[in-house]
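Its first residue numbered 1, the sequence shown is counted upward by one per residue in our numbering.
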Amino acid sequence: MIGLARRHPVLVFAFVLALAASLFFAGRIAYRAVYWAQHRNVAVEPWMTMGYVGRSWGFDPRELDQRAGLPIPERGKPFTLEQIARDRGVPVSDVIALVEKTIAEMQAERGKAP
1 MIGLARRHPV LVFAFVLALA ASLFFAGRIA YRAVYWAQHR NVAVEPWMTM GYVGRSWGFD
61 PRELDQRAGL PIPERGKPFT LEQIARDRGV PVSDVIALVE KTIAEMQAER GKAP
């Protein structure tokens, strides 16, 4: 191996770099798969964004926003349910109830009972 590295240092470097990138992305995929497998259908809480809620419940977050009548944020600037409630001047429990109702309706359309 050392002889190969001396004869083709650029090739060996490129191989090691590709191997490191592959391991990084494989680890990232595995971490996300395990995380979301353990966080399915979690109870809606004030700290959550609609992206988190949508991913947890298996729905498109933008569709959830639209159906619930919530603001659709600019890309990269999601609002927590607590921020949405504060902006509307309503209790966060009202926003959570609205999101839960929307999830139940979407589940019913999908053919699943809540």
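Idealized CB from N, CA, C, for every residue including glycine. If you're wondering where the values come from, they're calculated on a predicted model, not measured in any experiment.
The alpha helix (DSSP H) with residue i in it runs from where to where?
i	result
Ile153	In the structure as shown, the chain starts at 1 and stops at 114, and residue 153 therefore has no counterpart that could be examined.
Trp57	50-57
Lys122	Look at the range of the chain in this structure, 1 to 114, and you will see that residue 122 is not part of it.
Should residue i go down as buried or exposed, given a rule of 16 or more other Cβ atoms within 10 Å for buried?
i	result
Ile84	buried
Ala68	buried
Alpha carbon to alpha carbon, what distance is there between residue j and residue i?
i	j	result
His39	Leu11	42 Å
Ala97	Ala21	43 Å
Within its chain, find whatever has a CB closer than 6 Å to the CB of residue i; leave out the 5 residues flanking it on each side and keep chain order.
i	result
Met106	Phe59
For residue i, which residues of its own chain have a beta-carbon under 7 Å away from its beta-carbon, when the five flanking residues on both sides are left out?
i	result
Pro91	Ala85
Leu4	Val12
- Query: Would you call the segment 64-84 and the segment 3-21 touching, i.e. three or more CB-CB distances under 8 Å?
  - Reply: Touching, no, given that fewer than three Cβ pairs across the two stretches are closer than 8 Å.
- Message: Under 8 Å: do the segment 59-67 and the segment 20-40 share three or more Cβ pairs, one atom per stretch?
- Response: no
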